[in-house]
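Numbering (our numbering), first residue to last: 338 to 592.
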């Protein structure tokens, strides 16, 4: 009776090449830093190789059975090591992402805080400027009211002065100076027919009685003669028309 030959077993060198291939595949995947999906695919690939190997190998007794068990143990060790390696890489990646996210959030928070402080300072400055603007507006309105009142008072005084100058009777026969001040030794000038001469128009051009060239713009007090220019009135002590002492003078601009 002829004994049937034993089924061929994979050579030892082939098993070593298979184990080395699994180790190289695990190292290559670890270096490339594949994602979790890549890890699952690598696990499926290793499991597929394992199933294929189990289908091809025929359980035998003796030395071949020991080699088969050793190969299975090595495959399990490599698979567990690859799984742990991918878990470590995933944890490191998550920790790194948390660090990056925390750094970005801290930087964004600092920028937002700086912007908030800048906006607050700008708001405070705007409020101060608004308050200052309101104060300036009130001051401007007050000065405007003062100017209007002064202009009204000046217009009243100008009209009163023109009316007084139009009604004043000239003294001592002077042709271009009117006065309403009469001392103890002063009388109104009468013409040849006994009538009081008419005063000149208040708007006629008057010449200074001191220098004869300047325009008479100073009203001497208390005699109220409009007969001198500004420089002559500043140096004069008496009125050149009536001889009364000058106590003060007022500049009159009838233009």
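Glycine included, C-beta positions come from ideal geometry on N, C-alpha and C.
Residue 566 and residue 576 - do their beta-carbons sit closer together than 8 Å?
The sequence position of residue 576 within the chain shown is 239, counting from 1. The sequence position of residue 566 within the chain shown is 229, counting from 1. No. Outside cutoff.
Please classify residue 586 as buried or exposed, where buried requires at least 16 neighbouring CB atoms within 10 angstroms.
As a first step, residue 586 must be located in the chain shown, where it is residue number 249. Residue 586 is buried by the Cβ-count criterion.
Kindly list the residues whose CB is nearer than 8 Å to the CB of residue 574, restricted to its own chain and excluding five residues on each side of it in sequence; keep chain order.
In the chain shown, counting from the first residue as 1, residue 574 sits at position 237. Hits under 8 Å: 582 and 583.
Per-residue DSSP class, three states only, for residue 487:
To locate residue 487, count along the chain shown from 1; it is residue 150. In the structure shown, residue 487 sits in a helix (DSSP, three-state: H, G or I).
Go ahead and pull the three-state DSSP assignment for residue 569.
Locating residue 569 in the chain shown gives position 232, where the first residue counts as 1. Of the three classes helix, strand and coil, the one that applies to residue 569 here is helix, per DSSP.
Could you check where the beta strand (DSSP E) with residue 557 kicks off and where it finishes?
The residue you call residue 557 lines up with position 220 of the chain shown. First-last of the beta strand (DSSP E) with residue 557: 555–558.
Opening and closing residue of the beta strand (DSSP E) in which residue 586 lies
The count along the chain shown starts at 1 and reaches residue 586 at position 249. Element bounds for residue 586: 585–588.
In this structure, what does DSSP give as the bridge partners for residue 563?
Stepping through the chain shown from its first residue, residue 563 is reached at position 226. Its beta-bridge partners are 556.
On the DSSP bridge assignment, give the partners of residue 582 in chain order.
In the chain shown, counting from the first residue as 1, residue 582 sits at position 245. DSSP output for residue 582 lists 575 as bridge partner(s).
Can you tell me which residues form a DSSP beta bridge with residue 544?
Along the chain shown, one-based indexing puts residue 544 at 207. DSSP, once it has assigned bridges, lists 552 as partnering residue 544.
Residue burial classification, residue 555 (beta-carbon count within 10 angstroms, cutoff 16)
In the chain shown, residue 555 corresponds to position 218, counting from 1. Taking every protein chain shown into account, the CB of residue 555 has 16 or more other CB atoms within 10 angstroms, so this residue is buried.
Spatial neighbours of residue 524 within its chain, please: CB distance less than 6 Å, with the 5 preceding and 5 following residues excluded, ordered by chain position.
If you number the chain shown from 1, residue 524 lands on position 187. Bear in mind that a pLDDT of 38 at residue 524, under 50, signals an unreliable position, so the number given afterwards is only what the model happens to contain. Contacts found: none.
Just how far apart, CA to CA, sit residue 437 and residue 446?
The count along the chain shown starts at 1 and reaches residue 437 at position 100. The count along the chain shown starts at 1 and reaches residue 446 at position 109. Straight-line measurement puts the Cα of residue 446 at about 14 Å from the Cα of residue 437.
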